[in-house]
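Q:
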Amino acid sequence: MKDILEEHPELKRDKLARYVIESGRKFKERFIVPHAHELDRKLLLDPHYHPEEIIKRGCEFRFFSLPVPKFIGGLGGGALHVSLLMEELCSGCGGIANIFGAHYLGLAGVLVSADLYAYGKFVTEIVKGEMEKKPIIFSAAITEPTAGTDVEDRDLLPKAKLVLSAKKLDNGYLLNGRKVFISNGSIADYNLVVCALDRKRPLETFSGFVVPKGTPGFSIGRIELKMGQRACHAAELVFEDCFIPEENRVGMEGDGMLAVELVLSASRGPVGAIATGIARGAYERALDYARNKKTRNGRLIDKQWVQLTLAEMDAMVRKARNAYIQASIFFDRFILNGIMKGFPQIGLLKRIFESKGFLNFTKRDFFKKRWYEFIKSRIDQKMLYTSFGLSSFAKFSSSDIAVKVCLMAMKILGNEGAEERNLVEKFMRDAKLTQIYEGTNQLNRLTVFKTLISGH
Amino acid sequence: MNGQERKIIIETAEKFMRKVFLPHISTFDKFPLLPPPFEPSKKFFEMGIHELVKGMDILSVVEVLMKVSEFCAGLGAFLGYMIAGEILKIKSGIETDGITSIAIFEDEDLDLENGGRFFVKMEDGKLRGIKKSVFLFHLADIFAVFCELDGEKTIAWIRREDVNVNEPSGLIGIRACPCSDIVIKNSVQPLKLTPADKLFHYSISLISLFSSACACSTAISAIEKASSYAKERYQGGSLIIEYDAIKLMLSHNRILLGKCRDLILKTAENFREDEVLWVDAVRTKIFASEVAVNACLDAIQVFGGYGYMRDYEVEKRFRDAVALSLQPFDSIRATLYLNSIGTK
Numbered sequence: 326m327k328d329i330l331e332e333h334p335e336l337k338r339d340k341l342a343r344y345v346i347e348s349g350r351k352f353k354e355r356f357i358v359p360h361a362h363e364l365d366r367k368l369l370l371d372p373h374y375h376p377e378e379i380i381k382r383g384c385e386f387r388f389f390s391l392p393v394p395k396f397i398g399g400l401g402g403g404a405l406h407v408s409l410l411m412e413e414l415c416s417g418c419g420g421i422a423n424i425f426g427a428h429y430l431g432l433a434g435v436l437v438s439a440d441l442y443a444y445g446k447f448v449t450e451i452v453k454g455e456m457e458k459k460p461i462i463f464s465a466a467i468t469e470p471t472a473g474t475d476v477e478d479r480d481l482l483p484k485a486k487l488v489l490s491a492k493k494l495d496n497g498y499l500l501n502g503r504k505v506f507i508s509n510g511s512i513a514d515y516n517l518v519v520c521a522l523d524r525k526r527p528l529e530t531f532s533g534f535v536v537p538k539g540t541p542g543f544s545i546g547r548i549e550l551k552m553g554q555r556a557c558h559a560a561e562l563v564f565e566d567c568f569i570p571e572e573n574r575v576g577m578e579g580d581g582m583l584a585v586e587l588v589l590s591a592s593r594g595p596v597g598a599i600a601t602g603i604a605r606g607a608y609e610r611a612l613d614y615a616r617n618k619k620t621r622n623g624r625l626i627d628k629q630w631v632q633l634t635l636a637e638m639d640a641m642v643r644k645a646r647n648a649y650i651q652a653s654i655f656f657d658r659f660i661l662n663g664i665m666k667g668f669p670q671i672g673l674l675k676r677i678f679e680s681k682g683f684l685n686f687t688k689r690d691f692f693k694k695r696w697y698e699f700i701k702s703r704i705d706q707k708m709l710y711t712s713f714g715l716s717s718f719a720k721f722s723s724s725d726i727a728v729k730v731c732l733m734a735m736k737i738l739g740n741e742g743a744e745e746r747n748l749v750e751k752f753m754r755d756a757k758l759t760q761i762y763e764g765t766n767q768l769n770r771l772t773v774f775k776t777l778i779s780g781h
Numbered sequence: 511m512n513g514q515e516r517k518i519i520i521e522t523a524e525k526f527m528r529k530v531f532l533p534h535i536s537t538f539d540k541f542p543l544l545p546p547p548f549e550p551s552k553k554f555f556e557m558g559i560h561e562l563v564k565g566m567d568i569l570s571v572v573e574v575l576m577k578v579s580e581f582c583a584g585l586g587a588f589l590g591y592m593i594a595g596e597i598l599k600i601k602s603g604i605e606t607d608g609i610t611s612i613a614i615f616e617d618e619d620l621d622l623e624n625g626g627r628f629f630v631k632m633e634d635g636k637l638r639g640i641k642k643s644v645f646l647f648h649l650a651d652i653f654a655v656f657c658e659l660d661g662e663k664t665i666a667w668i669r670r671e672d673v674n675v676n677e678p679s680g681l682i683g684i685r686a687c688p689c690s691d692i693v694i695k696n697s698v699q700p701l702k703l704t705p706a707d708k709l710f711h712y713s714i715s716l717i718s719l720f721s722s723a724c725a726c727s728t729a730i731s732a733i734e735k736a737s738s739y740a741k742e743r744y745q746g747g748s749l750i751i752e753y754d755a756i757k758l759m760l761s762h763n764r765i766l767l768g769k770c771r772d773l774i775l776k777t778a779e780n781f782r783e784d785e786v787l788w789v790d791a792v793r794t795k796i797f798a799s800e801v802a803v804n805a806c807l808d809a810i811q812v813f814g815g816y817g818y819m820r821d822y823e824v825e826k827r828f829r830d831a832v833a834l835s836l837q838p839f840d841s842i843r844a845t846l847y848l849n850s851i852g853t854k
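Chains as they are written, first to last, in our numbering: chain A, 326 to 781; chain B, 511 to 854.
1. From the DSSP output, read off the bridge partner residues of S748 of chain B.
2. Strictly under 8 angstroms for the Cβ-Cβ distance: is M819 of chain B near chain A by that measure?
3. Residues of chain B with CB under 9 angstroms from K729 of chain A, in chain order?
4. Would A604 of chain A and A645 of chain A be called neighbours here (beta carbons separated by less than 8 angstroms)?
5. Closer than 9 angstroms, Cβ to Cβ, to anything on chain A: give me those residues from the stretch 692 to 725 of chain B, in chain order.
6. Just confirm the distance between the C-beta atoms of S611 of chain B and A650 of chain B, as a whole number of angstroms; I'd bet it's less than 8 angstroms.
7. Report yes or no: do the stretch 625 to 637 of chain B and the stretch 744 to 763 of chain B share at least 3 C-beta pairs separated by less than 8 angstroms?
8. If distances are taken between C-alpha atoms only, which option among A:M733, A:Q554 and A:L709 comes closest to L777 of chain A?
9. Any beta-carbon of chain B closer than 8 angstroms to the one on G419 of chain A?
10. Could you spell out the range, first to last residue, of the beta strand (DSSP E) harbouring C687 of chain B?
11. Against chain B, does R658 of chain A count as a neighbour if the rule is that its beta carbon must be under 8 angstroms from one of theirs?
12. Report the rounded CA-to-CA distance for N696 of chain B versus F656 of chain B, giving the unit in angstroms.
13. Hey, could you find the ends of the alpha helix (DSSP H) R793 of chain B is sitting in?
14. What runs of the beta strand (DSSP E), each 3 residues or longer, lie entirely inside the stretch 480 to 509 of chain A?
15. Tell me the rounded alpha-carbon separation between A439 of chain A and L587 of chain A.
16. So F531 of chain B packs on F581 of chain B, CB below 8 angstroms; how close in whole Å?
17. Quick one: does D639 of chain A have its CB under 8 angstroms from some CB of chain B?
18. What residue range does the beta strand (DSSP E) around M527 of chain B cover?
19. For S715 of chain B, collect the residues of the same chain with a Cβ closer than 7 angstroms to its Cβ; drop the 5 residues on either side in sequence, then sort them by chain order.
20. Note down the Cα distance separating G672 of chain A from I397 of chain A, rounded to an integer number of angstroms.
21. Any Cβ of chain A within less than 8 angstroms of the Cβ of F615 of chain B?
22. Give the interface partners of K486 of chain A over in chain E, defined as CB-CB distance under 7 angstroms, in chain order.
23. Once DSSP output is grouped into helix, strand and coil, what is the label at G672 of chain A?
24. Can you list, in chain order, the residues of its chain with a C-beta nearer than 6 angstroms to that of Y382 of chain A? Leave out the 5 residues immediately preceding and following it.
25. Can you find at least 3 beta carbon pairs, one from the stretch 566 to 579 of chain B and one from the stretch 773 to 788 of chain B, that sit closer than 8 angstroms?
26. Which residues in chain B sit within 9 angstroms of Q767 of chain A, going by Cβ to Cβ distance?
27. Taking Cβ-Cβ distances shorter than 7 angstroms, what residues in chain A pair up with S643 of chain B?
28. Along chain B, in chain order, which residues have C-beta atoms closer than 9 angstroms to that of M326 of chain A?
29. Got a sec? Which residues, its chain only, sit under 8 angstroms from T540 of chain A by beta carbon, not counting five neighbours each side?
30. Given a cut-off of 8 angstroms, decide if F615 of chain B and N516 of chain A are closer than it, judged by their beta-carbon atoms.
31. Can you say whether K619 of chain A is buried or exposed, counting buried as having 16 or more other CB atoms within 10 angstroms of its CB?
32. Counting only beta-carbon separations shorter than 8 angstroms, does K736 of chain A have a partner in chain B?
33. Could you tell me which chain B residues have their CB closer than 7 angstroms to the CB of D475 of chain A, listed as they occur along the chain?
34. M819 of chain B by DSSP, collapsed to three states: which one?
35. Just checking: is the beta-carbon of E618 of chain B within a distance shorter than 8 angstroms of some beta-carbon in chain A?
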């Protein structure tokens, strides 16, 4: 497969895109590929193990602050940059890569809310942490035990069986209930938790809260033993009379579903990139195997059926890549740029964001309300739904491709394809999850219908 | 074996699975990382498997494999490979006790589209080389090593002490049926040599049929589990079974799996010495592999996030189906192989 920069020369002009691809490649070769197999085996016996040492190395490459705006010290990347990094890392191991992916998902919830208090209080921590080589990790908690698909769709949410709710108090909220399958949930420093204030009116009261690690009443329940992507924990989050101060609410009360849609518009493209990376990883290993496997009359790659299969796989990976690039560029241009243009881009220094006075001012409800109304006015609803549709399309098409490509790779390896040492089976296991998380592919198809076909 | 006798042995298999094996299935699934809880072959012999093997009643064997695979396709594969080894031993006139392990695959591609060829050769009465993906290696007393002697396919029967066994490979699924590479020690003199031109095709067909049976059965059970789950799980205020996406997935797979099951049983019933009938077994395998893997993928999809977690056992059925789809070979090589043995 040709290098992504050769196939997409427009990316060469984007300095950050070049940096992300190159550093992703280096990180993968140095820290992922040598450990992926061993780590996968280890996590089968101990799902609580966290590859901290590997993840820490991400600080050197500034992976944690990749999407953090430049004006608060980040690299200022968008969905495209996150996607490019995800493809690169996932071609090594979907599990390790998804620790970064889930971090970006949680962070996206805060970033698209444009909540200045959250920027100053939580997001700046990421930049500080990176300098000190102590990664600050985010997660997004959306799925509930009895509501998965429901909480990602505004038509289904009103009938969802929700178990987590936030009760409003004078100066904050009391959270009770559970979230499940939360990627990074067990290791995150900050969890972005979305829940209803009134379970009978979830759509009108859905709201987002930042729950820091160690908050009284918040604990980690079960860590699941998954089929694949094991390096990235899927944890249960338990809330028992967990008090969250009002300022930790991200955006306004009742804007939770809009936030979810914004986040999914931003993140389903990168999920497509995760799937593309996994497919590419399987393809590259199959190619390598075919080049090295001897036959009586040469090598396996000399056989026509192998060439046909590899060509098909190559084409499918390329299709998946094009889908996520299109979705990510659209989101960055028409949604993220709109939000970020709300911020004064020059003259506002990182220091202001960290100052106590600034934080005290921005946490006040009257400010939040006006500011958020201003930010919302910068989001073009029509463009948002197109972006939502394109990212959902990228997600389901790339993940379906990933599963198909992995199955094809296994066939090239024949009965050796099932063996752990060849890693193709691991890509297969990792690929299946991309058809499930961030909304099942069935829900994503319906989202495409609603947003791109029926104009709902 | 008549219908009544067959029914009894299938019921016995079910009882055995529930009583003896069910509590250990999750441990088997972590093998080779964890030691196996016990040795399954003795338990299978207690079940009366010898009678099936002696009677060469392939239909009954297949039905038992399907019953066992409803619970654990790894144990189904274990039993299948064990029986295939016994049958091969009987056909080759080998009279030793213990388990036989069949060694077919090699470092080099077998060139199945040209009928299959081996790089491991008998030269000057001695055998050497490496065989890959050898099942039941850890329990085998004797190995049936497919090799070439003067350009002809041959089985060299060698003792356990004549091979070194590598670390278990660790497969995506059917982990109760462990697999490894074996290194034949230098200058091994086989116990016996059997001409294997026909036996090679027979073995490939038999293993194809057995793996189809295990894969189909595990996929049926995955779809049934998904169907039960869909009748309990609410989404958007309705049971998910009421959604078209779920209905279509379940019905489509049920139709294909039903056809697949019928085809497997029909092929098993007709499976005799006739080469033309062996071809049916490989054809069945090609169909069953695709159907079973897709059905298990859909079953996980119905479960959503829960399906991806090991507790719900649907993901295990998917992994088992994938592993079985590649035994003894994948569907592309199987199709090319069919052409090589003269079928269109």
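Every residue gets a Cβ at the ideal spot worked out from N, C-alpha and C, and that includes glycine.
The model shown is predicted, which means the values in this text are computed figures rather than measured ones.
A: Concretely, from the data shown:
1. B:Q745
2. yes
3. Result: empty, since nearest Cβ-Cβ is about 10 angstroms, beyond 9 angstroms.
4. yes
5. none
6. 3 angstroms
7. no
8. A:L709
9. no
10. Where C687 of chain B is concerned, there is no enclosing beta strand (DSSP E), given that its DSSP letter is neither H nor E.
11. no
12. 16 angstroms
13. E785 to F813
14. 490 to 493 and 497 to 508
15. 11 angstroms
16. 7 angstroms
17. no
18. Neither: M527 of chain B is in no beta strand (DSSP E) and is coded neither H nor E.
19. W788, A791 and V792
20. Its pLDDT being 48, under 50, G672 of chain A is placed unreliably in this model, and the coordinates cannot settle the point.
21. yes
22. Reference to chain E is not applicable here, since the protein chains of this structure are A and B.
23. For G672 of chain A, the predicted model reports a pLDDT of 48, less than 50, meaning its position is unreliable; a value from the coordinates is still stated below. Here G672 of chain A sits in coil by DSSP.
24. According to the sequence displayed, residue 382 of chain A carries Arg and not Tyr. Here the set comprises F356.
25. yes
26. Y753, A755, I756, M759 and Q811
27. N740 and E741
28. By Cβ distance, chain B contributes nothing, its closest Cβ being about 21 angstroms from M326 of chain A, past 9 angstroms.
29. C567, F568 and I569
30. no
31. exposed
32. yes
33. Q745 and G746
34. strand
35. yes
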